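**Q**
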Amino acid sequence: MVTPENLSGETGAQREPKFDRDASTTAVDTAIVLLGAGVTAITHPLLYVKLLIQIGHEPLTPTVGTTMFGRKVLYLPGFFSYAQHIIRVDGKRGLFRGLSPRIMSSAISTMVRSKVKQTIPAEEVENVSDRDDLNTSLRNVVKETSHEMVIQCLSRIATHPFHVISVRCMAQFVGREIKYRGLFSCIANIFKEEGVGGFFAGVMPHVLGEVIFLWCCNLLAHFINTYAVDNNFSQAPAVRSYTKFVMGIAVSVLTYPFMLVADLMAVNNCGLVAGVPPNSPIFKSWVRCWAHLSHEGHLFRGSSFFFRRVPVKAMALTEE
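Each residue of the sequence shown is one higher than the one before, counting from 1 in UniProt numbering.
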């Protein structure tokens, strides 16, 4: 007698459910890849401007403004002014420089995540949020976060070469180079000049930042839901559902310097004007890059698109 426990998949009828599941999974993955490509294309101009600001390229002069207290300050151009400058130089298509490798990165990330989840399935854990079950609940959070961390790390390592290519394509705007044109020519150039290690420039701070973000976000959300949200409160489930989202925004601000350092190291000393003096010092390691940015007060450079002020030191020199 055939039971659900002893199905071996030897007959066509028994293999059909598995085929349906595989087809359904493939269809979902394809839809996610297409959706991701669309979102990547729409948001690319934002990330392009952000990257140019991160590497310190300021082609437009600051404008004089006043704060709400009436004090005069110098404001650097915001996103729209910067984007208009790119359009004047390269046309509207120029806003999408470096888009192709980003789309490839998004697609590969989706596929890697799907395969890893199938290969290393997450353990089923009980959803516990009562204070009396803190130990069990914390253990579940650690298991879930560890599983997410493995997926995130593997995904980042697999897609980082395309991130490096995209960043360098965009950074060419500074020196008007044409060194990185086309995905295959970019791969050939990096391999010829820097070897395999060139594809992973800046990967360490990128992975470290994402791991710290993941653990801080999940643990903070857990402790807030456990201790700060009272179970007697009628809206407690709704509040708990938004806690991780809010914590993600807060923690992303704190881990931003890791992303900044990763992008700078991807460009540093790669043969582009944007990555060599006088535009940028040559760093021997990402730790040196972090120390330099910290000393200059630029650890959060590029974190804002609007109301960017000239640093206080530069402001004082201008007034003199």
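Idealized CB from N, CA, C, for every residue including glycine.
The structure displayed is predicted, hence computed values, not measured ones.
Among V261, L220, F258, which has the Cα closest to the Cα of V246?
**A** Indexing the sequence shown from 1 puts residue 246 at position 246. Nearest C-alpha to V246: L220.
**Q** Cα-Cα, which of Y75, M68, G56 is closest to P62?
**A** Position 62 of the sequence shown holds residue 62. Nearest C-alpha to P62: Y75.
**Q** Kindly list the residues whose CB is nearer than 7 Å to the CB of E16, restricted to its own chain and excluding five residues on each side of it in sequence; keep chain order.
**A** Walking along the sequence shown from the start, residue 16 turns up at place 16. In this predicted model, E16 has a pLDDT of only 45, less than 50, meaning its place in the structure is not dependable enough to derive any value.
**Q** Using 8 Å as the threshold, is the C-beta distance between H275 and A171 below it?
**A** Within the sequence shown, the letter at position 275 stands for residue 275. Within the sequence shown, the letter at position 171 stands for residue 171. It should be noted that the sequence gives Gly, not His, for residue 275. Yes. Within cutoff.
**Q** Can you check whether the CB of K117 is closer than 8 Å to the CB of I151?
**A** Locating residue 151 in the sequence shown gives position 151, where the first residue counts as 1. Locating residue 117 in the sequence shown gives position 117, where the first residue counts as 1. For I151 and K117, yes; Cβs fall inside 8 Å.
**Q** From S105 to R308, what distance separates their C-alpha atoms?
**A** Within the sequence shown, residue 105 is the residue found at index 105, counting from 1. Within the sequence shown, residue 308 is the residue found at index 308, counting from 1. Straight-line Cα distance between these residues: approximately 30 Å.
**Q** Can E210 be considered in contact with the ligand ADP, in the sense that its beta carbon sits closer than 7 Å to one or more heavy atoms?
**A** For the ligand ADP, the structure offers nothing, since it holds no ligand at all.
**Q** Using the C-alpha atoms, what's the distance from I108 back to L35?
**A** Walking along the sequence shown from the start, residue 35 turns up at place 35. Walking along the sequence shown from the start, residue 108 turns up at place 108. Rounded to whole angstroms, L35 to I108 spans 13 Å at the Cα level.
**Q** Using beta-carbon positions only, say whether G271 and K179 come within less than 8 Å of one another.
**A** Translated into the one-based positions of the sequence shown, residue 271 becomes position 271. Translated into the one-based positions of the sequence shown, residue 179 becomes position 179. Yes, Cβ-Cβ distance for G271 and K179 is below 8 Å.
**Q** With distances taken from CA atoms, which of R176, F79, K143, K284 is nearest G202?
**A** Translated into the one-based positions of the sequence shown, residue 202 becomes position 202. Ranking the options by Cα distance to G202, first place goes to K284.
**Q** With burial defined as no fewer than 16 other Cβ atoms inside 10 Å of the residue's Cβ, what is the status of S166: buried or exposed?
**A** Locating residue 166 in the sequence shown gives position 166, where the first residue counts as 1. Answer is buried; the Cβ neighbour count reaches 16.
**Q** Helix, strand or coil for G202? Go by DSSP, reduced to three states.
**A** Here residue 202 refers to the residue found at position 202 when the sequence shown is read from its first residue. The answer is coil: DSSP assigns G202 none of H, G, I, E or B.
**Q** Among S146, K72, R156, F306, which has the Cα closest to the Cα of P205?
**A** Numbered from 1 along the sequence shown, position 205 holds the residue referred to as residue 205. For the residues S146, K72, R156, F306, the minimum Cα distance to P205 belongs to R156.
**Q** For V125, I'd like the list of residues in its chain whose CB is within less than 7 Å of its CB, leaving aside the five on either flank, ordered along the chain.
**A** Walking along the sequence shown from the start, residue 125 turns up at place 125. Because the pLDDT of V125 is 48, which lies under 50, any placement of that residue in the model is unreliable, and the number read from its coordinates should be weighed accordingly. Counting only Cβ-Cβ distances below 7 Å, and skipping sequence neighbours, we find N140, K143, E144.
**Q** Mapping DSSP to helix, strand and coil, what is Y227?
**A** Stepping through the sequence shown from its first residue, residue 227 is reached at position 227. In the structure shown, Y227 sits in a helix (DSSP, three-state: H, G or I).
**Q** Quick one: what does DSSP say S129 is sitting in, helix, strand or coil?
**A** For the purposes of this step, residue 129 is taken as residue 129 along the sequence shown, with counting starting at 1. Summary for S129: the model assigns pLDDT 46, below 50, so the residue's position carries little reliability; its value from the coordinates is reported in the next sentence. It is coil, neither helix nor strand.
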